[in-house]
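Chemist:
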Amino acid sequence: MIKKVSFSIFDTGETILGAIVFSVFFPLYITKYISVETFTFFYGIVFLISFIISLQLGKIADERNLRKGFFTFFTVSIFLLTLLLAIVSNNYILSLLIFFLLAITHQQNLVFYNSLLTDFKEKGFISGLGVSLGYIGSAIALMFFAQYLEIPYVYIFTALVFMLLALPSILFIENPNIKPKKINLKVIFSDKEFLLIILSILFLTEIANTLISLMGVYLKEVYKLEDTEIYKVIGFSSVGGIVGGIIWGYLTKFFDIKNLFVVGFIFWFSFLIILPFTPKDFLLVVGLFAGFSLSHLWTTSRVLIIEVFPKNEVSTRLSFLSITERISSSLGLMVWSFLLTLTKSYQLTVLLMSVFVVIGWLIFVFRNKLSLLLIKEKGV
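One point on numbering: in our numbering, the residue at position 144 of the sequence shown is 218, and numbering is uninterrupted.
1) For S82, which of helix, strand or coil comes out of DSSP?
2) Run through DSSP, which three-state label would T352 get?
3) Is there contact between the segment 403 to 413 and the segment 339 to 357, where contact requires at least three CB pairs shorter than 8 angstroms?
4) How is the alpha helix (DSSP H) around M237 delimited, first residue to last?
5) Hey, which unbroken runs of the alpha helix (DSSP H) at 4 residues or more fall wholly within the segment 334 to 415?
6) Since S402 and L276 are thought to touch, with beta carbons under 8 angstroms apart, how far apart are those beta carbons, to the nearest angstrom?
7) Exposed or buried, what is E387 when buried is set at 16 or more other beta-carbons lying within 10 Å of its beta-carbon?
8) Just the Cα atoms here: how many angstroms apart are F485 and L168?
9) Counting only the same chain and skipping the five closest in sequence on each side, list residues whose C-beta sits under 7 angstroms from that of K354.
10) With 8 angstroms as the threshold, decide whether the Cβ of K256 is near any Cβ in chain D.
11) What three-state label does DSSP hand Y117 in the structure shown?
12) Terminal residues of the continuous alpha helix (DSSP H) containing F199?
13) For the alpha helix (DSSP H) containing P101, list its first residue and its last residue.
14) Exposed or buried, what is P254 when buried is set at 16 or more other beta-carbons lying within 10 Å of its beta-carbon?
15) Please say whether S201 and L191 have beta carbons closer to each other than 8 angstroms?
16) Counting C-beta neighbours from all protein chains within 10 Å, is the total for N283 16 or more, i.e. buried, or is it exposed?
17) Just reading off the alpha helix (DSSP H) that N512 is part of, what are its end residues?
18) Taking the straight line between their C-alpha atoms, what separation do you get for R391 and T279?
19) So what does DSSP say about M75, is it helix, strand or coil?
20) Would you mind working out which of V95, G323 and N165 sits nearest V228, comparing C-alpha positions?
21) Is the Cβ-Cβ distance between V313 and L293 less than 8 angstroms?
22) Quick check on this structure: which residue in F173, F351 and F366 has the alpha carbon closest to the alpha carbon of G319?
23) Please report how far the alpha carbon of L175 lies from the alpha carbon of L155, in whole angstroms.
24) In chain order, what residues of the same chain lie with their CB nearer than 7 angstroms to the CB of K133, ignoring the 5 residues before and after it?
25) Whether or not the segment 427 to 434 and the segment 237 to 255 are in contact is what I'm after, with contact meaning three or more pairs of Cβ atoms, one per stretch, closer than 8 angstroms; do they touch?
26) Ignore the nearest five residues each way along the sequence and tell me which others in L241's own chain have a CB closer than 8 angstroms to its CB.
27) Would you give the residue range spanned by the alpha helix (DSSP H) that K142 belongs to?
28) Can you tell which of A364, G87, I76 and Q421 has its C-alpha closest to the C-alpha of I47?
29) DSSP three-state label for K298, please.
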């Protein structure tokens with residue numbers, strides 16, 4: 075039981091770190107000195123570098139069974155780098171460099187954290203519990219602590235909370251007992267089914283991350299809500315995520331993970347079709363539904379990769395899952411911006427975004443036929 079709790083509460087610490095440092099305080103701080111375009115451009119390059127690094131480290135971890143060792147190293151590194159942000163906060167150039175290094179470290183950490191899930195028998199339930207606790211942590215951090223914190227003290231606070239919640243995982247979770255295997259990256263890159271599944275996840279996370287980033291703007295522009303009303307809707311979304319994490323995790327006990335993952339496309343398509351026609355009085359219900367749908371994605375995607383593909387390649391393959399999160403964030407915002415410029419309508423833009431859910435669903439459902447088609451064309 076202690077291992078299950080240890081794994082799950084790490085999600086809480088990681089989500090608090092993401093919500094406070096990566097999503098709120100540092101972007102607001104650095105964009106006082108450089109433009110948003112410059113920041114996001116270099117941020118994108120950092121994630122590309124991070125993916126290249128994680129592929130190589132994932133390969134080493136799988137070949138030498140070092141998943142727990144890498145997880146511990148990067149967890150401690152996150153703690154130290156976040157503290158270092160507090161020390162260099164008066165120098166925006168040094169702060170930016172440390173933040174980018176923190177971002178790379180954070181991405182590596184997530185790969186090896188997710189790989190620790192491999193040894194648990196109830197992977198889906200543990201994953202869902204982690205998602206639920208993550209929602210609780212981020213909600214508490216943003217609602218009760220963020221308003222009282224300021225730079226540089228916010229970095230010290232976040233670093234200490236993160237490390238406190240990460241310690242049980244370091245102390246009590248064992249290195250997955252998986253026989254080491256020589257990894258051939260060319261073989262993984264030629265695995266058509268795997269790449270198609272990653273692509274389908276990318277289309278789904280593109281929608282999810284775009285709406286996370288822009289929901290506040292959407293509510294303000296379309297419904298003219300005050301900030302307090304927006305926080306209320308987003309708060310209900312967190313409740314949906316908390317409940318959803320437990321439910322989706324529990325359902326993995328009874329349904330094949332591939333079939334359960336397909337449900338996510340149905341939920342997101344439904345959400346995108348409903349949202350533009352939602353009366354103001356029903357926004358809280360829609361917020362609840364959005365959080366419930368989000369928790370499905372976070373709960374099932376990592377379990378899908380672990381369950382469907384070889385466990386002795388788990389770290390390497392999870393590197394791909396990690397990069398989809400980052401690519402989808404940038405790509406989704408670019409697509410949204412283009413569609414909004416074209417349509418001049420937030421509601422119509424949301425409806426058009428549903429096309430990407432359909433494409434992702436088609437790729438996932440027909441991945442085997444697509445794989446055979448790609449192999450045949452390559453052979454020709």
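Beta carbons are placed, not taken as given, at the ideal position from N, Cα and C, and that holds for glycine.
Modeler: In this structure, then:
1) Correct three-state label for S82: helix.
2) When secondary structure is reduced to three states using DSSP, T352 falls in the coil class, being assigned neither helix nor strand.
3) Under the three-pair Cβ rule at 8 angstroms, the segment 403 to 413 does not count as touching the segment 339 to 357.
4) Note, M237: alpha helix (DSSP H), Y227 to F246.
5) Correct list: 357 to 382.
6) The C-beta separation of S402 from L276 comes to about 5 angstroms, placing the pair in contact by the 8 angstroms criterion.
7) Burial call: buried.
8) Outside the displayed range of the chain (75 to 454) lies residue 485, so it cannot be described from this structure.
9) Cβ contact annotation for K354 (same chain, cutoff 7 angstroms, sequence separation greater than five): Y297, in chain order.
10) The structure shown contains no chain D; it holds only a single protein chain.
11) Here Y117 carries a helix assignment [DSSP, helix/strand/coil].
12) Start and end: K197 to I214.
13) That run of the alpha helix (DSSP H) goes F100 to I104.
14) Exposed, by the Cβ-count rule.
15) The answer is yes: Cβ separation under 8 angstroms.
16) Residue environment: N283 is assigned as buried (16 or more neighbouring CB atoms within 10 Å of its CB, all protein chains considered).
17) Outside the displayed span of the chain (75 to 454) sits residue 512, for which this structure offers no information.
18) Between R391 and T279, the C-alpha separation is close to 17 angstroms.
19) Coil, per DSSP.
20) Comparing Cα positions, the closest option is V95.
21) In terms of Cβ geometry, V313 and L293 do not form a close pair [threshold 8 angstroms].
22) The option with the nearest alpha carbon to G319 is F366.
23) Rounded to the nearest whole angstrom, the C-alpha separation of L175 and L155 is 8 angstroms.
24) If we look at K133 and ignore the five residues flanking it on each side, its Cβ neighbours are I257, L259 and T390.
25) Output reads no: the segment 427 to 434 does not touch the segment 237 to 255.
26) Hits under 8 angstroms: none found.
27) For K142, the enclosing alpha helix (DSSP H) begins and ends at R141 to I161.
28) Residue 47 lies beyond the stretch modelled for the chain, which goes from 75 to 454, so this question has no answer here.
29) It is coil, neither helix nor strand.
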